[in-house]
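Peer 1: Take a look at this one; I'll ask things after.
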Amino acid sequence: MTMFDAGTPQGVQEFCSQLEVSDHQRKVIESYSESVIALGIEIWEKLVASLGLKGDYSIDDWQIYLKMSKYNFSPETISSVGLPKHTDVSFVTLIDDDVAALEVMNNKSGEFVAVDPLPGSTVVLLGDFGPAWSNGKFSNATHRVLCRDPSPRVSINTFLMGPREGAVEAPEELVDDQHPRLYVPFTWEYYRTLQYASEDSWKPALANVLVNPSS
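For the sequence shown, full-length UniProt numbering begins at 1 and goes up steadily by one.
See the structure below:
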């Protein structure tokens, strides 16, 4: 179940109307959407600052998805894969869940590390657009969902996708002779098309948007 325009009041209202939610449920959805997007904006601003960038990098015009998923885990599904290893088609993904199942891959060892939920906390992962926009300074997070607890799991994932109009591309401040541009500019919609058109839709499509594909 996905809210495709969680970044606007109209998008939230349309989603609630489609589900025919009660007034209380509507208020909960509105409050959660506002809070998680505010957190996403704060994280984005910190990412921008970490690169020493100045200027306007507002995400007011970004497309934001909010997806709710349920995994019907049980004693019979222990050690089974709920979601294969993958990276997200997004800049940033914020995850709220209630049952231990999320695992993130260590890029050096290739081993998966359990990321168990903590009360009052939100997991933040960088998606495929992170490396492209930062010109390789950020890494995308490979992760999966593995049943380790025989309890039904509900997760709420908020995806900061990218500009509604315009391309995902590294700022000029991050490109120079020593750091040539690694990825061609692309829209998030185009990248999503590449991703899901692939024979292996779980494998990042970043190789298809490299400036020098052989590198």
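Each residue gets a CB set at the ideal place from its N, CA and C atoms; glycine is no exception.
Because the structure is a prediction, the values reported are computed rather than measured.
1. Does the distance from the CB of V12 to the CB of S33 come in under 9 Å?
2. What's the gap between the Cα of P152 and the Cα of N72?
3. Just mark H24 as buried or exposed, buried being the case when its beta carbon has 16 or more other beta carbons within 10 Å.
4. Return the residue from the list M161, P150 and V154 that minimises the CA-CA distance to S74.
5. For the ligand COA, I want to know if P9 counts as a neighbour, meaning its beta carbon is within less than 8 Å of at least one of the ligand's heavy atoms.
6. Can you give me the start and stop residues for the beta strand (DSSP E) that P163 sits inside?
7. Where L94 and G40 are concerned, what is the direct C-alpha to C-alpha distance, given to the nearest angstrom?
8. CB-CB under 7 Å to S22, same chain, minus the five flanking residues each way: which ones, in chain order?
9. In chain order, what residues of the same chain lie with their CB nearer than 8 Å to the CB of E103, ignoring the 5 residues before and after it?
10. Would you list the one or two residues that DSSP bridges to S69?
11. Tell me which residues share the same chain as E30 and place their Cβ nearer than 7 Å to its Cβ, disregarding the 5 neighbours each side in the sequence.
12. In the DSSP assignment, the alpha helix (DSSP H) including V36 goes from what residue to what residue?
13. Does the beta-carbon distance from I43 to G7 come in below 9 Å?
14. CB-CB under 7 Å to S90, same chain, minus the five flanking residues each way: which ones, in chain order?
15. Using 10 angstroms around the beta-carbon of A38, count the other beta-carbons present and answer buried if the total reaches 16, otherwise exposed.
16. With distances taken from CA atoms, which of I78, D96 and M105 is nearest T87?
17. Are M3 and L66 close, meaning C-beta to C-beta below 9 Å?
18. Find out if the Cβ-Cβ distance for the pair S79, R164 is shorter than 9 Å.
19. Counting only the same chain and skipping the five closest in sequence on each side, list residues whose C-beta sits under 6 Å from that of N208.
20. Counting only the same chain and skipping the five closest in sequence on each side, list residues whose C-beta sits under 7 Å from that of P213.
21. Are the beta-carbon atoms of L53 and L174 separated by less than 9 Å?
Peer 2: A quick look at the data gives this:
1. Indexing the sequence shown from 1 puts residue 12 at position 12. Indexing the sequence shown from 1 puts residue 33 at position 33. Their beta carbons are under 9 Å apart, which means V12 touches S33 by this criterion.
2. Taking the first residue of the sequence shown as 1, we reach residue 152 at position 152. Taking the first residue of the sequence shown as 1, we reach residue 72 at position 72. Spanning the two alpha carbons is a distance of roughly 5 Å.
3. For this step, residue 24 is matched to residue 24 along the sequence shown. When all chains shown are included, H24 counts as exposed.
4. If you number the sequence shown from 1, residue 74 lands on position 74. When only C-alpha atoms are compared, the closest one is P150.
5. Within the structure as shown, the ligand COA is missing, as the structure has no ligands at all.
6. For the purposes of this step, residue 163 is identified with residue 163 of the sequence shown, where counting begins at 1. Residues R153 to P163.
7. As a working note, residue 94 is residue 94 in the sequence shown. As a working note, residue 40 is residue 40 in the sequence shown. Roughly 7 Å between the two C-alpha positions.
8. The count along the sequence shown starts at 1 and reaches residue 22 at position 22. Counting only Cβ-Cβ distances below 7 Å, and skipping sequence neighbours, we find nothing.
9. Taking the first residue of the sequence shown as position 1, residue 103 is located at position 103. Excluding residues within five positions, the ones whose Cβ falls inside 8 Å are F112, V113, A114, V115, H143, R144, V145 and L146.
10. Here residue 69 is taken as the residue at index 69 of the sequence shown, counted from 1. DSSP, once it has assigned bridges, lists S155 as partnering S69.
11. Here residue 30 refers to the residue found at position 30 of the sequence shown. Excluding positions up to five away in sequence, the list reads V12.
12. Translated into the one-based positions of the sequence shown, residue 36 becomes position 36. Per DSSP, V36 belongs to the alpha helix (DSSP H) from D23 to S50.
13. If you number the sequence shown from 1, residue 43 lands on position 43. If you number the sequence shown from 1, residue 7 lands on position 7. Going by C-beta atoms, I43 is not nearer than 9 Å to G7.
14. Looking up residue 90 in the sequence shown gives position 90. Closer than 7 Å at Cβ, skipping near neighbours: G127, F129, F159, L160 and M161.
15. Position 38 of the sequence shown, counting from 1, holds the residue named residue 38. The residue is exposed, with fewer than 16 neighbouring Cβ atoms inside 10 Å.
16. Locating residue 87 in the sequence shown gives position 87, where the first residue counts as 1. Cα-wise, what sits closest to T87 is M105.
17. Residue mapping note: residue 3 aligns to position 3 of the sequence shown, counting from 1. Residue mapping note: residue 66 aligns to position 66 of the sequence shown, counting from 1. Yes, the Cβ-Cβ distance between M3 and L66 is below 9 Å.
18. One-based indexing of the sequence shown puts residue 79 at position 79. One-based indexing of the sequence shown puts residue 164 at position 164. No, the pair does not count as a contact, with Cβ atoms beyond the cut-off.
19. Sequence index remark: in the sequence shown, residue 208 carries index 208 (1-based). Closer than 6 Å at Cβ, skipping near neighbours: L194.
20. Within the sequence shown, the letter at position 213 stands for residue 213. The answer, listed in chain order, is A207.
21. Sequence index remark: in the sequence shown, residue 53 carries index 53 (1-based). Sequence index remark: in the sequence shown, residue 174 carries index 174 (1-based). Contact: yes.
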